[in-house]
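Participant: The structure's right below; bear with me while I get my questions together.
2 protein chains.
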Amino acid sequence: MKNFNKISVTGTERVELHDKINLTGAEISVNVLPAGTGVPFVHTHKQNEEIYVILEGKGYMTLDDEKIEIEANDYIRVSPSAKRQISASSDTPIKYLCIQVKENSLENYTATDGVVLQ
Amino acid sequence: MKNFNKISVTGTERVELHDKINLTGAEISVNVLPAGTGVPFVHTHKQNEEIYVILEGKGYMTLDDEKIEIEANDYIRVSPSAKRQISASSDTPIKYLCIQVKENSLENYTATDGVVLQ
Numbered sequence: 001m002k003n004f005n006k007i008s009v010t011g012t013e014r015v016e017l018h019d020k021i022n023l024t025g026a027e028i029s030v031n032v033l034p035a036g037t038g039v040p041f042v043h044t045h046k047q048n049e050e051i052y053v054i055l056e057g058k059g060y061m062t063l064d065d066e067k068i069e070i071e072a073n074d075y076i077r078v079s080p081s082a083k084r085q086i087s088a089s090s091d092t093p094i095k096y097l098c099i100q101v102k103e104n105s106l107e108n109y110t111a112t113d114g115v116v117l118q
Numbered sequence: 001m002k003n004f005n006k007i008s009v010t011g012t013e014r015v016e017l018h019d020k021i022n023l024t025g026a027e028i029s030v031n032v033l034p035a036g037t038g039v040p041f042v043h044t045h046k047q048n049e050e051i052y053v054i055l056e057g058k059g060y061m062t063l064d065d066e067k068i069e070i071e072a073n074d075y076i077r078v079s080p081s082a083k084r085q086i087s088a089s090s091d092t093p094i095k096y097l098c099i100q101v102k103e104n105s106l107e108n109y110t111a112t113d114g115v116v117l118q
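Protein sequences appear in the order of chains A and B. Numbered by the numbering used here, the letters in the first sequence go through residues 1 to 118 in order. Numbered by the numbering used here, the letters in the second sequence go through residues 1 to 118 in order.
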């Protein structure tokens with residue numbers, strides 16, 4: 001497998017990156033919800049932690065029994081078992097990444113996994 | 001541990017999210033490089049795949065023997081062993097996420113890991 005893959009994602013259609021850039025440790029989707037709309041179901045996960053990265057706009061998430069406001073520059077970690085749903089606000093679209101990773105899969109990182117060469 | 005954590009990240013200082021929002025399957029850093037600057041070293045990883053998400057601006061990456069141009073809306077997967085270095089362009093800053101995940105750690109995702117409740 002090539003040592004890297006690159007893709008440009010623009011537009012408003014949902015794009016799932018796993019197969020497009022050969023991800024092996026994550027699935028990342030790029031999503032846009034028009035103003036006044038939301039994902040039409042609540043879901044949980046069996047194994048995966050999700051991290052939502054809010055890129056543009058604002059909206060809200062329901063996480064179990066809590067409803068929180070979200071906006072650009074917010075990062076939200078969600079445990080596998082949490083019941084979650086995300087919506088745009090009534091007057092503003094929202095663009096976000098949803099990053100799925102296996103809970104507790106990261107062993108080392110940065111200083112303990114990186115090797116500085118020069 | 002709480003079922004979710006949320007943080008807002010603005011400004012130009014590097015922020016590492018792992019400990020701030022209790023990530024267990026990834027480390028995510030938020031980075032800004034001023035125009036004309038770059039990370040001052042080349043590095044590889046022992047175990048971790050990295051995904052670079054270019055949020056704003058433009059620049060370039062050196063990946064082993066290739067130098068590629070990057071700009072907002074680009075997503076780049078980098079294998080652990082690839083020698084990598086990232087820079088802003090000479091006249092534009094670059095803002096990006098670096099997502100570290102353990103290579104080959106994702107087992108199921110989306111339809112095979114998600115559970116739709118309603």
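For each residue, glycine too, the CB sits at the ideal point set by N, CA and C. Predicted model, so just to flag it, every value in this text is computed and none were measured.
1. Tell me, please, which residues DSSP counts as bridged to A/Gly38.
2. If we require 3 or more residues per run, which beta strand (DSSP E) segments fall completely within the stretch 14-83 of chain B?
3. Measure how close the beta-carbons of A/Ser105 and B/Phe4 come, nearest whole angstrom, since I'm counting them as under 8 Å.
4. Give the straight-line distance between the Cα atoms of A/Ala88 and A/Lys67, rounded to the nearest whole angstrom.
5. Classify B/Leu63: buried if its beta carbon has 16 or more other beta carbons within 10 angstroms, exposed otherwise.
6. Look at the Cβ atom of A/Ser29, then the Cβ atom of A/Val15, and state whether they are nearer than 8 Å.
7. For B/Leu97, tell me which candidate among B/Glu56, B/Ser81 and B/Gly114 has the shortest Cα-Cα distance.
8. Could you check the C-alpha separation between B/Gly25 and B/Gly38 for me, to the nearest Å?
9. With a cut-off of 8 Å, does the C-beta of A/Arg14 fall near any C-beta of chain B?
10. Sort A/Glu69, A/Tyr60, A/Thr110 and A/Lys2 by Cα distance to B/Ile99 and report the nearest one.
11. How long is the line joining the alpha carbons of A/Gly36 and A/Thr12, rounded to whole angstroms?
12. Got a sec? Which residues, its chain only, sit under 8 Å from A/Leu121 by beta carbon, not counting five neighbours each side?
13. For B/Leu33, count neighbouring C-beta atoms within 10 Å of its own C-beta (all shown protein chains included) and say buried if the count is 16 or more, exposed if not.
14. Taking 8 Å as the CB-CB limit, is A/Ala82 close to chain B?
15. Can you name, in chain order, every residue of its own chain whose Cβ lies under 8 Å from the Cβ of A/Gln85, other than the five neighbours on each side?
16. Taking the beta strand (DSSP E) that A/Tyr96 falls in, what are its first and last residues?
17. Terminal residues of the continuous beta strand (DSSP E) containing A/Gly114?
18. Per DSSP, which residues does B/Lys6 bridge with? Please list them.
19. Taking only beta carbons into account, state which residues of the stretch 19-44 of chain A come closer than 7 Å to chain B, listed in chain order.
20. Taking A/Ile68 as the query, report the chain B residues whose CB atoms sit under 9 Å from its CB, ordered along the chain.
21. So A/Asp113 and B/Gln118 are supposed to be a Cβ contact under 8 Å. How far apart are they, rounded?
22. Verify the contact flag: B/Ile86, CB atom, against every heavy atom of the ligand FMN, threshold strictly below 7 Å.
23. Pick helix, strand or coil for A/Thr110, following the three-state DSSP scheme.
24. Assuming B/Asn31 contacts A/Val9 under a Cβ cut-off of 8 Å, what Cβ separation, rounded to an integer in Å, is found between them?
Facilitator: Here's the rundown:
1. A/Ser87
2. 27-33, 43-45, 48-63, 66-71 and 74-78
3. No, A/Ser105 and B/Phe4 are not in contact; Cβ-Cβ is about 18 Å, not under 8 Å.
4. 13 Å
5. buried
6. yes
7. From the listed residues B/Glu56, B/Ser81 and B/Gly114, the smallest Cα separation to B/Leu97 is found for B/Glu56.
8. Approximately 27 Å between the Cα atoms of the pair.
9. no
10. A/Thr110
11. Those two C-alpha atoms are separated by around 15 Å.
12. Look at the range of chain A in this structure, 1 to 118, and you will see that residue 121 of chain A is not part of it.
13. buried
14. yes
15. Same-chain partners within the cutoff: Gly38, Val39, Phe41, Val42, His43, Met61 and Thr62.
16. Ile94 to Lys102
17. Gly114 to Val116
18. A/Ile76
19. Ile21, Asn22, Leu23, Thr24, Gly25, Ala26, Glu27, Ile28, Phe41, Val42, His43 and Thr44
20. Phe4 and Lys6
21. Contact check for A/Asp113 and B/Gln118: beta-carbon distance about 39 Å, past the 8 Å limit, so the pair fails to qualify.
22. Of the ligands one can find in the structure shown there are none, so the ligand FMN has no counterpart to examine.
23. helix
24. Between A/Val9 and B/Asn31 the Cβ distance is about 19 Å, and since that is not below 8 Å, they are no contact.
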